[in-house]
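Visitor: Take this structure, written in structure tokens, and hold onto it; I'll ask about it next.
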Amino acid sequence: MSGMSTTIKRKVLSLEQKLEVCRLVENSESLRKITESFGVSTVSDIYRSRRQLTDFVSHMDTSRRSYLR
């Protein structure tokens, strides 16, 4: 088994979770705490795309689609 590699599953956050990440960053929560609580390391990328997220949510029925890449 020493030659086998393990694959790590990607953590995908819902739109609600991404908006919560943005809200926590705006409320001066530490990035490290946010990263640990959500299990993702791309908090700054999510926060940078907050305008796109909020526009998407306001124009789309979120019950039909709950993920945005």
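Converting from the sequence shown to the numbering used here requires adding 729 to each position, the first position being numbered 1. Here a beta-carbon is modelled for each residue, glycine too, at the ideal position from N, C-alpha and C. These numbers come from a predicted model, not from an experiment.
(1) Could you please give the first and the last residue of the uninterrupted alpha helix (DSSP H) stretch that includes S743?
(2) If I'm right that V750 touches Y776 with Cβ under 8 Å, what's the distance once you round it to whole angstroms?
(3) Round the Cβ separation of I799 and L748 to the nearest angstrom and send it over; I've been treating them as touching at under 8 Å.
(4) Please report the distance separating the alpha-carbon of R761 from that of Q746.
(5) Could you tell me the alpha carbon to alpha carbon distance between S787 and E755, rounded to whole angstroms?
Guide: In brief:
(1) No alpha helix (DSSP H) contains S743, which DSSP labels as neither H nor E.
(2) 7 Å
(3) Because the chain here runs from 730 to 798, residue 799 falls outside it and cannot be looked at.
(4) 16 Å
(5) 19 Å
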